[in-house]
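This is the structure:
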């Protein structure tokens, strides 16, 4: 559904044109996830100090490097697999047509 900001046939408020109603549920889930994530990360810092861990910063370093490396490798792998899938589908359509069987 496309919301047009300037050329509308109905008179609606600016807020109604600005917010898509179908996006409220996914965005509220992401808000809840962000709040929980922030609480857990804050707890890890306080727990590290309480447990006597001298440098809790190593956790955050590896916690940032992990997703970066995984996304780098998986992004290239995913791009390769999608390209392979497209080429294979073209092969099936062009080579394995019913007239040639």
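Numbering (this note's numbering), first residue to last: 4 to 104.
Even for Gly, the Cβ is constructed at its ideal location relative to N, Cα and C.
Whether residue i touches residue j by CB criterion (9 Å)
i          : j          : result
residue 44 : residue 71 : no
residue 51 : residue 59 : yes
Proximity winner among the options, relative to residue i (alpha-carbon distances)
i          : options           : result
residue 66 : 33, 47, 32 and 93 : 47
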